[in-house]
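S.K.: For the sequence shown, the numbering used here assigns the number 1 to the initial residue and increments by one for each residue that follows. Glycine included, each C-beta is placed from N, C-alpha and C at the ideal position.
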Amino acid sequence: MTGPSGKKQNSPTGLLPQTLEPSIPDYPMTARRLLRIAAILTFLYFFGHSAGIPWTPSTGRETDLVVGGMRSFRFDVFGSSRTYWDFYQGFGLTVSVLQLLQSVVLWLLAGLATVAPAQVRPFVLAFLAASLAQLVLVVRHFFLPPIVLSVAITVCLGLAAWAAQPRYAPTGS
1 MTGPSGKKQN SPTGLLPQTL EPSIPDYPMT ARRLLRIAAI LTFLYFFGHS AGIPWTPSTG
61 RETDLVVGGM RSFRFDVFGS SRTYWDFYQG FGLTVSVLQL LQSVVLWLLA GLATVAPAQV
121 RPFVLAFLAA SLAQLVLVVR HFFLPPIVLS VAITVCLGLA AWAAQPRYAP TGS
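#1: In this structure, does DSSP put S58 in helix, strand or coil?
#2: If R74 sits next to S81, beta carbons under 8 Å apart, how far is it from one beta carbon to the other, in whole angstroms?
#3: From the DSSP output, read off the bridge partner residues of T83.
#4: Within the continuous alpha helix (DSSP H) that includes F123, where are the two ends?
#5: Let's see if you can read the secondary structure: which residues bound the alpha helix (DSSP H) around R33?
#6: A160 by DSSP, collapsed to three states: which one?
#7: Under 7 Å Cβ to Cβ from L149, same chain only, skipping five residues before and after it: list those, please.
#8: Do you know offhand how far C156's Cα is from V139's?
#9: To the nearest angstrom, how far is the alpha carbon of R167 from that of L108?
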């Protein structure tokens, strides 16, 4: 494209931007971005938890004795014969499925947070409450990687809940 002087111009209006520095928005951590980060962290939590199957943190004689006992003792539960190992594996897999579901729902909520933050906020608050309860349990019963992920997810959800709150215009008084 050439201008009136015959020189090549770089924009349709013929005006070049004054600076090439990127602009930084006033609120770089939006509810959408925070929920997407929480969704990705939750997916990593799901992946790490699922990769840990059969969830026996050590090997050796003592572990073999415990796992063997869990597998060998059978009992009836509502007409089904189960072992403690069945429950251990079943609950572990159930947690994985719920972590995957949480990751997907957080990702979907992030998409809605841009257009309807007030409607998304109650769901974020519900996830935040559950995440706080989970954090207490993880700190009490588990080890560093799930603790770090739980803290990061909880922080993201707390900040997303704050970022999704209704904003009121100043009244001038």
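M.R.: On the basis of the supplied data:
#1: coil
#2: 5 Å
#3: R74
#4: 117-141
#5: 31-51
#6: helix
#7: L41, L44, Y45
#8: 18 Å
#9: 22 Å
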